[in-house]
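Chemist: Encoded as structure tokens, here's the structure I'll be asking about.
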Amino acid sequence: MSLLIAICLGFPALRTIDLFSDNTEADASYAEGSILMQLVFGPAFLLAAWLVWRYSAWAAQIVRRVNPFLLLIVLWAAITVLWSPYPAVTVKRSIQLVGLMLVGITLTLPFVQDRHFIRVLCRTLTALLVASFIMVLVIPKIGVDPLREGGWRGILWHKNTLGGVACFAVLTWVNRLCNKDTDWRIGIPALLFTLLMLVMSRSSTALISAMTGIAIYLFARRRYLGGPNARLMAALALTIVGLAFLQIFFTVTGRLPTWSEIIRPLLLLLNKSPDLTGRTDLWEMVLLDVARHPVQGIGFGAFWLNVGSPSQYIIDAVNWIPLQAHNGYIDLLNELGGVGFGLFVAFLLWHTVTLFKVGRIDKEQAAIHWAFFILILISNFSESQFFNGVLFQNCLLIFSSIALSALVARHQPASRPPPMPVPQT
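Start counting at 1 in the sequence shown, then tack on 96, and there's your number in our numbering.
Spelled out as structure tokens, the structure:
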């Protein structure tokens, strides 16, 4: 299970092609199913499928307790192959979702501890940071990005990728230290190292995300919100809201708001000065395509496919090749339509309810997953990762959803899965 999780969460971030070029993003062919991706994820998904089949009785009970809207989204994504302009791509992307769900189910097998996922996530992200640190020292031409303020990117695609990895690594180490899940003589140096990598990535978005995530985690892990600490809790809650607001504004505009802008409504801020980053221009152009198929969508994964794809009119307009709208909500609406987006909203609501249920069972588990969840929601205002292949946040959201559903199920005695079958010798 550890290897499966590490592959899914770590490998997509690796800079596996064009190490010495200035390219900082995987191209469309790589993202949509290159030979390398198939060689890595194919065996991983097959191994996950074998484990699920081996413990099929247990897995079947878990599937019945998984967020039902997650299953419906996967089903609807597969159905869109019927009208997708690129059915082969839609099939590949649907298989990826099924594979990720199988890996997620392996996290719930009876011999896997509840905190195993966080531990493996922490080790995987830290390993990526260590390897990136070594790359910066040994081959700075690869490890340092001279075109982007000299920010470190290490062995990853972009300095912002390194910043994102460092952000979630910081969160996991804070969680493990607060939960006494690691020796402080290991945890504190590791936390300081991840903070160093976060700063050296020079990713302001990742830095704000880390601050916001830590605030959310520390707030959510409190066992009570009233009593003598009520004022402190209220102040902390306002701080979280403020940090979340700053992060949304920064990820959209690329700068912090002025005092005059802070008092304006958030939606006005999000649509102000689109020329700063060009993101809102992309949003408007993608919404034109949404209007052509508002109910069923264009087809899962069938829009951003390089030159000659349905996004060609956007390529012509901006004179470069974007591979996303830089807004996960709009991209999901475009690919899956109103039906799929409605299922997605229901999925988010169900996940929110599940987090509250977990909070009554294991406050620490709920707190760290609350932090993950809110950061993913905010991040997708500027990056499209919702149900987007094997991208990190998509994997994290799916794994979190399945793991939390299983945790709730295990603490409902009347509906616990059957005992693990004894393997035949």
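Using N, Cα and C, we set each Cβ at its ideal position, and we do this for glycine too.
The structure presented is a predicted model; accordingly, all values stated were derived computationally and were not measured.
1) Given that a residue counts as buried once 16 or more other Cβ atoms are within 10 Å of its Cβ, and exposed if not, what is residue 111?
2) Looking only at C-alpha atoms, which of 264, 265, 230 sits nearest to residue 248?
3) Going by C-alpha distance, which of 420, 392, 400 is nearest residue 176?
4) Give every residue of the same chain whose Cβ lies closer than 6 Å to the Cβ of residue 162, excluding the five residues on either side of it in the sequence, and list them in chain order.
5) Which of the three DSSP states is assigned to residue 247 in this structure?
6) For residue 217, which of 180, 253, 252, 271 has the nearest alpha-carbon?
7) Does DSSP classify residue 142 as helix, strand or coil?
8) Evaluate contact between the region 143 to 159 and the region 195 to 202, counting only Cβ atoms and requiring at least three cross-stretch pairs below 8 Å.
9) Apart from the five residues just before and just after residue 426, which ones in its own chain have a Cβ nearer than 7 Å to its Cβ?
10) On a Cα-Cα basis, can you pick out the residue from 236, 503, 261, 301 that is closest to residue 459?
11) Name the two residues that bound the continuous alpha helix (DSSP H) containing residue 499.
12) Please classify residue 338: is it buried, with 16 or more other beta-carbons within 10 angstroms of its beta-carbon, or exposed?
13) Measuring alpha carbon to alpha carbon, tell me which residue in 220, 100, 454 is nearest residue 466.
14) Quick check on residue 448: buried or exposed, where buried means 16 or more other Cβ atoms within 10 Å of its Cβ?
15) In its own chain, which residues sit with a C-beta less than 7 Å from the C-beta of residue 262, not counting the 5 before and 5 after it?
16) Quick one: residues in its chain with C-beta nearer than 6 Å to the C-beta of residue 256, no 5 flanking neighbours on either side, listed in chain order?
17) How long is the line joining the alpha carbons of residue 394 and residue 192, rounded to whole angstroms?
18) Kindly indicate which residue of 267, 245, 268, 223 has the alpha-carbon position closest to the one of residue 251.
19) According to DSSP, simplified to helix, strand and coil, what is residue 289?
20) Residues bridged to residue 252 by DSSP?
21) Short check: CB of residue 443 to CB of residue 165, under 7 Å?
22) Residue range of the alpha helix (DSSP H) that residue 276 falls in?
23) In this structure, does DSSP put residue 240 in helix, strand or coil?
24) In the DSSP assignment, find the unbroken alpha helix (DSSP H) run with residue 430 in it and report its ends.
Modeler: In terms of the structure at hand:
1) For the purposes of this step, residue 111 is taken as residue 15 along the sequence shown, with counting starting at 1. Under this definition residue 111 is a buried residue.
2) The residue labelled residue 248 in the question sits at position 152 within the sequence shown. Of the listed residues, the one whose Cα sits closest to residue 248 is 230.
3) The residue given as residue 176 occupies position 80 in the sequence shown. If you compare the alpha carbons of 420, 392, 400 with that of residue 176, the shortest gap goes to 392.
4) What you label residue 162 is simply residue 66 of the sequence shown in a count that begins at 1. In chain order, 498, 501 place their CB closer than 6 Å to the CB of residue 162, counting only its own chain and leaving out the 5 sequence neighbours on each side.
5) To locate residue 247, count along the sequence shown from 1; it is residue 151. The three-state secondary structure of residue 247, taken from DSSP, is strand.
6) Locating residue 217 in the sequence shown gives position 121, counting from the first residue. Cα-wise, what sits closest to residue 217 is 271.
7) As a first step, residue 142 must be located in the sequence shown, where it is residue number 46. Helix, per DSSP.
8) Yes, the region 143 to 159 touches the region 195 to 202.
9) As a position in the sequence shown, residue 426 is number 330, starting the count at 1. Residues 379, 382, 383 of the same chain have their beta carbon placed closer than 7 Å to that of residue 426, with the five preceding and five following residues left out of the count.
10) For this step, residue 459 is matched to residue 363 along the sequence shown. With distances taken between Cα atoms, residue 459 lies closest to 503.
11) For the purposes of this step, residue 499 is taken as residue 403 along the sequence shown, with counting starting at 1. Note, residue 499: alpha helix (DSSP H), 488 to 506.
12) Looking up residue 338 in the sequence shown gives position 242. Counting Cβ neighbours within 10 Å, residue 338 comes out exposed, since fewer than 16 surround it.
13) Reading the sequence shown from its first residue, position 370 is the one you call residue 466. For residue 466, the nearest C-alpha among the options comes from 454.
14) Counting from 1 along the sequence shown, the entry for residue 448 is found at position 352. So residue 448 ends up on the exposed side.
15) Position 166 of the sequence shown, counted from the start, is the residue given in the question as residue 262. Same-chain partners within the cutoff: 225, 290, 293, 294, 297, 302.
16) Along the sequence shown, one-based indexing puts residue 256 at 160. So the list reads 299, once near-sequence residues are dropped.
17) Locating residue 394 in the sequence shown gives position 298, counting from the first residue. Locating residue 192 in the sequence shown gives position 96, counting from the first residue. For residue 394 and residue 192, the distance between alpha carbons rounds to 19 Å.
18) By one-based count along the sequence shown, residue 251 stands at place 155. For the options 267, 245, 268, 223, the alpha carbon positioned closest to that of residue 251 is the one of 223.
19) Counting from 1 along the sequence shown, the entry for residue 289 is found at position 193. Residue state for residue 289 is assigned as helix, using DSSP reduced to three classes.
20) The count along the sequence shown starts at 1 and reaches residue 252 at position 156. As DSSP reads the structure, residue 252 sits in a beta bridge with 110.
21) By one-based count along the sequence shown, residue 443 stands at place 347. By one-based count along the sequence shown, residue 165 stands at place 69. In contact: residue 443 and residue 165 (Cβ atoms closer than 7 Å).
22) Looking up residue 276 in the sequence shown gives position 180. Note, residue 276: premise wrong, no alpha helix (DSSP H); not H, not E.
23) If you number the sequence shown from 1, residue 240 lands on position 144. If DSSP states are grouped into helix, strand and coil, residue 240 belongs with the strands.
24) Along the sequence shown, one-based indexing puts residue 430 at 334. Run containing residue 430: 424 to 455, per the alpha helix (DSSP H) assignment.
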